[in-house]
Amino acid sequence: MPTDLIKTFTYLTIHLTIGFSVAYVMTGSAALGGGIAIIEPCINAVAFFFHEKAWKRVGARRKLLPA
1 MPTDLIKTFT
11 YLTIHLTIGF
21 SVAYVMTGSA
31 ALGGGIAIIE
41 PCINAVAFFF
51 HEKAWKRVGA
61 RRKLLPA
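The opening position of the sequence shown corresponds to residue 1 in our numbering, with each subsequent residue numbered one higher.
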């Protein structure tokens, strides 16, 4: 398995564990903590997609400006 893929899975594991732990401590509910831990990265993935699109536009506009 490529190193980048292993790093991605280990980062995901850390992210989900921290998300679950924080949500569980704040709510006292394992179900709610689990839900938040799953939903939050999904929302972040969508936000990241649009964030990248916006930055590509910025980069394209900068290329059009005189140096």
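Where is the CB? At the ideal position from N, CA and C, for every residue including glycine.
Q | Residue interval of the alpha helix (DSSP H) (run including residue 26) | A | Counting along the chain, the alpha helix (DSSP H) containing residue 26 begins and ends at 3-27.
Q. Do residue 16 and residue 37 come within 8 Å of each other at the CB atom, strictly closer than that value?
A. Yes, the Cβ-Cβ distance between residue 37 and residue 16 is below 8 Å.
Q.
Buried or exposed for residue 23, going by 16 or more other Cβ atoms inside 10 Å?
A. The residue is buried, with at least 16 neighbouring Cβ atoms inside 10 Å.
(Q) Rounded to the nearest angstrom, what separates residue 61 and residue 48 at their Cα positions? (A) Taking C-alpha positions only, residue 61 is separated from residue 48 by approximately 20 Å.
Q: Give me the Cα-Cα distance between residue 31 and residue 40, rounded to the nearest whole angstrom.
A: Going by C-alpha positions, residue 31 is about 14 Å away from residue 40.
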